[in-house]
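Residue numbers (full-length UniProt numbering), protein chains in the order written: chain H, 1 to 133; chain L, 1 to 312; chain V, 1 to 571. Built from N, CA and C at the ideal position, the CB exists for glycine as well. Every value quoted in this text rests on a predicted model; they were computed, and no experiment measured them. Have a look at the structure below, then the notes.
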Amino acid sequence: MASPPAASDYTSAPSSVTEGPALTVSSQRSAGSTIDEMHEIAQPPEKVVIRFRAIGNAPILKRSFFKITSANKFQLVIQFLRRELNYKAADPLFVYISSAFSPSPDETVENLYRCFKSDGQLVVNYCTTAAWG
Amino acid sequence: MPKLPTDEDRFRKLVWHGKLPIQISLAKEDRAALLGRASPSSPPVYYVMAHRCSYLSLITDDVKAWLEALERAAPDRPSSIKPTQVWYAFNGAPLKWHYPIGLLYDLHSIRHPPGTVSAKPICTTKLPWTITVHLTNFPADRLLRNPSRDTTHHYFMAQYKEAEFMRAGSTKRVMNLPREDQDRLWAGLTTAEFETFWAVNHGAVNADDKDELPRHVAIRLYSRTDSAVVQVPLPLAELGSRTTVGEAIAYALRPEQFATGHPPKFRPEDESDQDAPYMVVLHGIVVSSTTPLLWLTRNLCYPDNFLHVVLL
Amino acid sequence: MSVDTEYQWQVGLERGLCQRDEAVEGFEALVVSYNTLLHHTLQLEGDYAHLNDTHTTLRTEHAKLADVGAAANLDAFVAAQKRIAELEWQVTTLKDERSDLYKAQGQHAQRLLSLTDDVRRREEQVRDLETSAKATATQMAKLQQSVDDYFYVLREKDGTIQDEMTALQLELVTKEEKLKRVEQENSQLVERWLRKMNEEAERMNDTNRQLEAERRPPPSVDQLNECLGDENYFGLGRRTSDTNQAPSKVPSIVYKELENPHHGEIHTLHVSHDGTMVATGGQDRRVKVFDSRSGNLKYTLSGCLQSVLHVWFSPTDDLILATSSDNAIRVWALDTGRIQHTLTGHIGKVVSAKFDGEARKIISVSHDRTIKSWDLYRGYCSKTIFSISSCNDLCLMDPQGTTILSGHVDNVLRVWDMQSGNCVREVTGLHDAPITSLAIAPAMTDSPPSLIPPILSAAFIPYSVDHTHLLTNAKDGTLHILDLNTFESVGVLRAEGYRPGSNWARAAFSADGHLVAAGSADGVLFIWNTRTFEVQARVKEHTSPVCAAFWDASGQHFFSAEKDQLVCFWE
């Protein structure tokens, strides 16, 4: 598997990313939730909670929860993470959703949140080497 | 699910072998740099019978060879072509190389005949699909960087896993595939060998025999406008196995799905027919909205197991 | 949903896809051919451009070269000419050099050949030398090996010899000790013997004195008979029964000659005590007994293994002994002519032997320096005495044979005591040469007791009084008459031209004791008078050395034998 592109492929202007505690959104739909939960249809929030989880030797952030406007592209998340970690553009950083796959940077956070949220958060795993290809 | 009396893989094969003639012409600004002397009357063009399922970045090698041949023909040698700087555009709009070519074509070229909303659109764009190749000024703000073969490979596998995650709830099945099988997927795609690809894809992902339902259908809805790409988990368990495409799309575009409460506009020209049913374009054809979603998922997926549907 | 509707969408889809594909189909071939044409064109364009480039470059080069060439043509030509000349000159010089080099090469090749020949020869020589060296080395190794072996053997032998030497030394030491002991014993024995002899002499003197005292009364018949027995012992015949016997005659006429009685030399002769027989013995190992009157051969006694040296009749004339060089003494009985005794034991030739008075013993003397006494009844040697020197003759001083006299090769006369075995007396200085015979003098008649010692009186008188004189004959040509009491020489008998013929030449007293006869080496018989000690007669008959001469008991007949087998009977 080719080394996945470092997550710095977009140079779009970052929009606001605010730090904050986790928002408990009532009855969010999550991929893989129970049937009862599925019956509840709720609007995804404008701001989405992202939880960063370090994998392997990656440095752990002081704060791992962040809110981001869901309309943003995932590229923003990557850039934000780089800034948080003080990584330069050349430093390798590999980002995964829910320890499963690496999404395209031009996918919207809203889409990712809708599809892959768990417990009202979008879990973003990051690591300095390719973990899941 | 009643099985077709005909060849099961018939649709899959039709999808797989779908080709698109592309006319690639060298961008004006690059002509001088490449060819050196006064450009000939007709711009140098190159024709490619691209696979709909393939990616633009994979054509780059052929394009590069053609351009280099052009180069050699010129007496003075300009600088060599960097494949990572090569990008394609249609009507000036940069083409996302990480989208399948078929999707790109559907997105950019299928025209709804004006005025006829309900009539079935036909492919009105003249073939071949004329795109231009640029060698400089890579638009890094609109395209993903480094469109190399390896990067394309990575993106493909990432999309494959994403689709798997949506279908099964985890990427276990893909990750448990032996290395050779994973490589075979990509090899089959790049060499356009149906058997190679589907031998792995069939066993690992599409569990037709077991009649298992995917948890969610991996479907993405695209529109002509830049913004809208909708990816919504469609729980088959809730919707039922006999959900049609139309129903699924309706479900997907419910306002509640969206943070803003407004689904993205897919048909900017015809705002008045907001509620009219969308035209579902897939693989260059219009799909009837009565088509069962499950069947569609199983038979008309792109190689990455996504249904890249363009709504008109 | 009906089946139709169910499948309608599918059919629609299928149709749509097929239409799509149809629309696209045509392009495929077109694109392919277009691309190949494009490729070709581009290639050709490229080649053309390339060719153009090369063409232009070549043209410019050519133009340049042409310019350069034109300008430099002339110079180049001249330069080229010069160059050619130079090169030609170089070529000629090189050719010369080459020919020189070829010559040199030829010479070198020849030298090389000769050198290789030399080398080959040397190698052959070397090989030969090597082989010879190898051979020498092997030989040397072998020799070394043999030397080592010899050394080893020598060492062993040396060792054994050393051992032998030490053993012999030990033996020598022991023998020396033994010798010392023996000499001591010998000296002791000699002392004892002398003591014994002195005692004997004393006893004899005593008895002499007694006898002198007893001589006064006339002898009785018994005494006469006794004396007869004794008279026999002294070799006097029975005829002389009275004190007055006829005086012995000087032999003058040969009445009988025996020529070649023996097959070899005659060594000895003896007359029987009764005078009837004459016995001779010689080199032919036989003893021949002749009649003394007729000279007829009476007996031939054989049995000796080697030549006979001495014959002697027994006092009773029934036995005769012969001693021989075969170290044995044989005794024959004269009536049967058969051997009665063979007495062996001497380890040297037996030169003389005498019977004792009763023919019970024989005392013999031999060149093995022993005196042996043989007991005839038992038939073995009963006494052996070492006599220091070889003895040529013996005499018994008394009929029992207790004291004997022996004459030795070392010029010494010895007196032995037979019982103790000691030498009682040694008389030296008598002779300068070996003593050849001894004879006891019989009784002398008509002799004034003052002049003639009483021993020379008649034999009837017991011996101890009558026979006190001894005649010794030696090879220096002198005969001594000794007084047996004092063992001093009473007189010396010499004659010019007299020499004993052999070691065993016997001299004898006459029957009356007045005469002494001895044969000389030239065959002349010398007769001396014992009173005057002068030569009375020289009788020339024999031609070879006379070995024995004897009167018979009457003194009227004389018998002599010479070496060359002539026996003469004289009257």
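Please report the distance separating the alpha-carbon of Val415 of chain V from that of Asp368 of chain V. 18 Å
Less than 8 Å between the beta carbons of Ala505 of chain V and Ser437 of chain V, yes or no? yes
Identify the continuous beta strand (DSSP E) that holds Gly282 of chain V and give its terminal residues. 277-282
Would you mind sorting Arg127 of chain V into buried or exposed? The rule is 16 or more other CB atoms within 10 Å of its CB. exposed
Euclidean distance between Cα positions of Pro59 of chain H and Gln75 of chain H: 20 Å
Report yes or no: is there a C-beta of chain L within less than 8 Å of the C-beta of Glu28 of chain V? yes
Contact check, Val524 of chain V vs Leu493 of chain V, beta carbons under 8 Å: no
Are the beta-carbon atoms of Asn422 of chain V and Lys196 of chain V separated by less than 8 Å? yes
Which value, in whole angstroms, describes the spacing of the CA atoms of Glu191 of chain V and Ser420 of chain V? 10 Å
In terms of residues, what are the limits of the beta strand (DSSP E) holding Gln159 of chain L? Taken as a continuous stretch (DSSP letters only), Gln159 of chain L belongs to no beta strand (DSSP E), being part of the alpha helix (DSSP H) at 149-168.
If the criterion is Cβ atoms closer than 8 Å, does the pair Trp129 of chain L and Ile22 of chain L meet it? yes
Show which residues of chain H have a CB atom less than 8 Å away from the CB atom of Ser57 of chain L. Under the 8 Å cutoff, chain H gives no residues; its nearest Cβ is about 12 Å from Ser57 of chain L.
To the nearest angstrom, report how far apart Arg298 of chain L and Leu221 of chain L are at their CA atoms. 17 Å
Based on the DSSP output, what are the partners of His216 of chain L in its beta bridges? L:Pro235
Would you say residue 313 of chain L reaches chain V, if we count a Cβ-Cβ gap shorter than 8 Å as a contact? This structure gives no information on residue 313 of chain L, because the portion of chain L shown stretches from 1 to 312.
Reference Cys53 of chain L, options L:Leu311, L:Glu164, L:Lys13, L:Ala140, closest by Cα: L:Lys13
Would you kindly check if the distance between the Cβ of His270 of chain V and the Cβ of Asp317 of chain V is under 8 Å? no
Alpha carbon to alpha carbon, what distance is there between Leu566 of chain V and Gly275 of chain V? 19 Å
For the stretch 181-198 of chain L and the stretch 120-127 of chain H, state whether three or more C-beta atom pairs, one from each stretch, are separated by less than 8 Å. no
Ser64 of chain H at chain A interface by Cβ criterion, 8 Å: No chain A is part of this structure, whose protein chains are labelled H, L and V.
Shortest alpha-carbon distance to Ala359 of chain V belongs to which of V:Ala104, V:Ser366, V:Ser352, V:Asp375? V:Asp375
Euclidean distance between Cα positions of Asn146 of chain L and Thr60 of chain V: 46 Å
Determine, using beta carbons only, whether Ser288 of chain L and Arg149 of chain L come nearer to each other than 8 Å. no
Hey, Val280 of chain L and Ala252 of chain L: beta-carbon distance below 8 Å or not? no
Considering just the uninterrupted stretch of the beta strand (DSSP E) at Arg285 of chain V, what are its terminal residues? That residue, Arg285 of chain V, is in no beta strand (DSSP E); it is neither H nor E in DSSP.
Of the residues V:Val24, V:Ile481, V:Glu14, which one's Cα is nearest the Cα of Ala507 of chain V? V:Ile481
Please name the residue in H:Gly56, H:Arg83, H:Lys73, H:Arg51 whose C-alpha comes closest to that of Arg63 of chain H. H:Arg51
Is Arg330 of chain V buried or exposed, if buried means 16 or more other CB atoms sit within 10 Å of its CB? buried
Per-residue burial, Trp9 of chain V [other beta carbons within 10 Å of its own, 16 or more giving buried]: buried
Provide the residue(s) that pair with Lys372 of chain V in DSSP beta bridges, ordered along the chain. V:Ser364, V:Thr384
When you compare only the Cα positions, how much space is there between Thr36 of chain V and His308 of chain L? 34 Å
Burial state of Gln139 of chain V, where buried means 16 or more other Cβ atoms lie within 10 Å: exposed
Since Val350 of chain V and Asn327 of chain V should fall inside the 8 Å C-beta cutoff, what is the C-beta to C-beta distance between them, to a whole number of angstroms? 6 Å
Spell out whether any CB of chain H is found under 8 Å from the CB atom of residue 314 of chain L. Because chain L is modelled from 1 through 312, residue 314 of chain L falls outside the range shown and cannot be assessed.
Determine which residues of the stretch 14-25 of chain V have a Cβ less than 8 Å from any Cβ of chain L, and write them out in chain order. Glu14, Gly16, Leu17, Cys18, Gln19, Arg20, Asp21, Ala23, Val24
In this structure, does DSSP put Pro261 of chain V in helix, strand or coil? coil
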